[in-house]
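Residue 452 in the working numbering sits at position 226 of the sequence shown, and the numbers go up by one each step. Ideal placement from N, C-alpha and C gives every residue a C-beta, glycine not left out. In this text, all values refer to a predicted model and were calculated from it rather than measured experimentally.
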Amino acid sequence: MVVSRQERTLAIRFILCIGVVSLFADMTYEGAYSIIGPFLKDLGATAAQVGLISGLGEMLAASLRLFSGRFADRTRAYWTIAISGYALNLLVVPLLAFAGNWQMAALLVVAERTGKALRGPARDVLLSEATGKVGHGFGFGVHAAMDQTGAVVGPLMMAAVVARTTHFGPAFLRLAFPAAGALLALLVARAVYTRVETPAPKQAPQQTLPRVFWMYVAAAGLLACGFIDFPLLAYHFQKTALAKPAVIPLMYAGAMGVTGLTALVLGKLFDRYGIIVLSFGILVSLLALPLGFLGGPTAAVASVACWAAGMGAQDATLRSGISQVVSMNKRGGAFGAFNAVYGVAWFLGSAVMGLLYDHSVMALVIFGTLAQLGAAAMFFWLRKPLAAAAAH
């Protein structure tokens with residue numbers, strides 16, 4: 227489909243608006259999550275209860291995406307669902323300042339995750355409509371870069387507030403400002419979208435999700451299962467004195483910068499070369515395992531860079547691939563199913579690698595490496611089926 231300069235300009239504006247929404251939203255909930263553990267501890271929660279709250283929130287978010295995506299496709303009320311989800315996702319965060327016990331805080335944490343699950347698939351469908359006019363890889367790459375910026379700024383802001391006040395309540399209250407900024411930017415994006423939207427569909431409506439999509443989801447699930455969690459890397463760095471505790475947050479902040487830059491570059495390459503770009507990204511990311519767990523201090527820094535590059539590769543390409551092979555009428559359910567499988571696989575893989583770490587670091591490295599190699603091979607094999615599906 228031929229895209230005019232005006233359509234392309236409006237699409238870029240919309241992508242940037244959604245990027246600003248995600249920047250402020252990530253400042254809000256990533257900022258909150260950076261201090262939620264010690265906050266729950268102060269309220270009397272045990273380590274097991276903190277783990278249960280976090281795990282329940284993530285599992286609930288993953289499973290709800292499956293239903294919210296299908297609901298969005300069925301009702302076509304993408305904006306209503308997205309705005310409602312963002313409102314719940316963001317407005318409960320400042321209320322944590324008034325939680326008098328860990329049970330109330332836990333309810334608010336679960337509510338925040340529920341809002342995120344509700345709005346995720348609907349937002350991605352709206353975003354994919356605009357990225358189709360400028361290149362899915364480029365569009366999602368720009369969005370991912372702005373998203374990661376918020377993920378860096380939020381925790382740093384919380385660290386500064388807590389260091390100054392020595393209390394968590396004022397920090398949560400400060401998050402009302404980026405939350406309001408995200409909701410305001412969302413309303414601006416809604417106004418821009420009315421001019422981005424075009425009545426002509428780019429793909430013929432599909433009755434069911436194509437077989438290649440489920441193979442794609444299986445490959446992504448295998449990748450998530452073998453991809454190391456940064457907290458486990460950081461735990462190892464501190465335990466083995468590979469990095470000082472004060473340096474680890476700086477390493478993470480730097481990693482988010484690498485992730486954003488990688489997403490921009492690989493997103494553009496995806497539009498030219500397809501999903502094979504992700505296969506090469508995986509080959510870089512799996513180096514984080516031997517470098518981080520078997521190397522010294524210099525290797526630890528390199529491992530974080532490899533991990534960040536892998537995150538950027540996934541952020542730029544995974545949603546782009548779905549947008550290429552699934553028609554608009556099924557895209558909400560596709561994003562929901564993908565996120566559900568990916569989230570559960572990530573959770574299970576993280577649990578397995580955590581258990582392996584306590585018994586054998588080498589076993590952890592082998593497990594993660596084999597899973598990621600398997601995923602890279604699957605994506606490499608899928609390059610032709612995906613290209614063929616995208617051409618129809």
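Item: Where Ile-548 falls: helix, strand or coil (DSSP); Value: helix
Item: Distance between Cys-451 and Ser-586 (C-alpha atoms, nearest Å); Value: 18 Å
Item: Neighbourhood of Ser-260 by C-beta, 6 Å cutoff - its chain only, sequence neighbours within 5 removed; Value: Pro-381 and Met-384
Item: Segment limits, alpha helix (DSSP H) that includes Arg-302; Value: Arg-302 -> no alpha helix (DSSP H), and no H or E assigned at all.
Item: Under the three-state DSSP convention, the category His-369 falls into; Value: helix
Item: Within 8 Å, strictly: CB atoms of Ala-258 and Leu-401; Value: yes
Item: Extent of the continuous alpha helix (DSSP H) to which His-585 belongs; Value: 554-585
Item: CB-CB length for Phe-463 against Gly-536, believed under 8 Å; Value: In fact, because the Cβ distance is near 17 Å, the residues do not count as touching under 8 Å.
Item: Leu-334 beta carbon less than 8 Å from that of Ala-325; Value: yes
Item: Backbone CA spacing between Arg-345 and Glu-338 [nearest angstrom]; Value: 11 Å
Item: Reduced DSSP secondary structure (H/G/I, E/B, other) of Ser-230; Value: coil
Item: Proximal residues to Pro-523 (C-beta, below 6 Å), its chain only, five neighbours per side dropped; Value: Leu-468
Item: Burial state of Leu-413, where buried means 16 or more other Cβ atoms lie within 10 Å; Value: exposed
Item: Sequence-distant residues of its chain with Cβ nearer than 8 Å to Leu-574 (five each side left out); Value: Cys-451
Item: Through-space distance from Leu-517 to Tyr-442, alpha-carbon basis; Value: 28 Å
Item: Within 8 Å, strictly: CB atoms of Phe-561 and Asp-350; Value: yes
Item: Reference Ala-187; option with closest CA among Val-360, Ala-481, Leu-487 and Arg-609; Value: The shown model of the chain, from 227 to 618, leaves out residue 187, and the question about it has no answer.
Item: Residue nearest to Val-591 in terms of C-alpha spacing, selected from Leu-512, Leu-544 and Trp-572; Value: Leu-512
Item: Whether Ile-279 touches Ala-332 by CB criterion (8 Å); Value: yes
Item: With 16 other Cβ atoms within 10 Å as the buried cut-off, status of Ala-411; Value: buried
Item: Proximal residues to Trp-328 (C-beta, below 6 Å), its chain only, five neighbours per side dropped; Value: Leu-266, Leu-269, Gly-270 and Ala-271
Item: Spatial distance of Met-604 from Ala-445 (CA atoms); Value: 6 Å
Item: Simplified DSSP assignment, three categories, for Leu-282; Value: helix
Item: C-beta contact flag for Gly-245 and His-369 at 8 Å; Value: yes
Item: Cβ distance (whole Å) where Ala-539 is taken to contact Thr-488 below 8 Å; Value: 6 Å
Item: Three-pair Cβ contact test at 8 Å for the region 351-365 versus the region 232-245; Value: yes
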